[in-house]
Amino acid sequence: MVLAGAVAIMGIITAQSLYPDYSIRQDISDLGSTQPPDPVIHQPSATIFNGTMLVTGLLVLLAVYFLHRATGRRVLTVPLALFGVGIFGVGLFPGNVTPWHGLFALLTFFSGGVTVLLSSRVVSRPFVAFCVAFGGVSLAILVSVFVYGLALRTPHPLAALGPGGIERWVVYPLLCWVLAFGGYLLGTGTNTDGETHG
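Under numbering that gives the first Met the number 0, residue 197 is the last one in the sequence shown; the count climbs by one each step, no gaps.
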């Protein structure tokens, strides 16, 4: 999990740095490819970003395997596996591959937020509060995008950040959790009792 978080963050930073005139107001996935009808792909940013997502997804799935063997807590490992699949799919299907990219991105965002919230059931205090905060913020922003965009059809309260800025309020809490949860597991050692901590 620590490796997954580090690879994701450093990969995104590297791809951003090599993308001509990139703005964090742009979608994160623009680093791999912008959306049709006229997709723009800049190299080496695209290869770095897509490769980063593939590696990150695989690392999360590898963590799921070991975490399930150690704890057997499906309440955490099932949504975490979906999160890993979603990340891998984002790398496998860049932004110009519709509708698959959008579907895997949505799977990543939703399953990631749910995973982070559910992780509060299997960790001890005070980390519980951080899991609730990270997962809550991510899911709240994600839901608000649909509420304001589809239901209310009014500008989002964070519209000044641009679509990429809003997206980062969904994604970065998840990446913070990935790093923090990995550190938590390293610090507490392997727990195989399957008990809920709290």
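The C-beta atom is built at its ideal place from N, Cα and C for all residues, glycine as well.
Under the 8 Å Cβ criterion, the region 60-67 does not count as touching the region 93-107, having fewer than three qualifying pairs. Between Trp-168 and Leu-157, the CB-CB gap stays under 8 Å. Counting only residues of its own chain and dropping the five nearest sequence neighbours on each side, Phe-126 has a CB closer than 6 Å to the CB of Tyr-183. Linking Val-177 to Phe-108 through their CA atoms gives a straight-line distance of about 13 Å. Spatial neighbours of Asp-29 in its own chain (CB-CB distance under 7 Å, excluding positions within 5 residues in sequence) are listed in chain order as Gly-94.
Counting only residues of its own chain and dropping the five nearest sequence neighbours on each side, His-41 has a CB closer than 7 Å to the CB of Tyr-18, Pro-19. Within the model, the alpha-carbon separation for Gly-111 versus His-155 is close to 22 Å. In the three-state reduction of the DSSP assignment, Pro-125 falls in the coil class, being assigned neither a helical nor a strand state. Within its own chain, the residues whose Cβ lies closer than 6 Å to the Cβ of Pro-162, once the five positions on either side in sequence are excluded, are Asp-26, listed in chain order.
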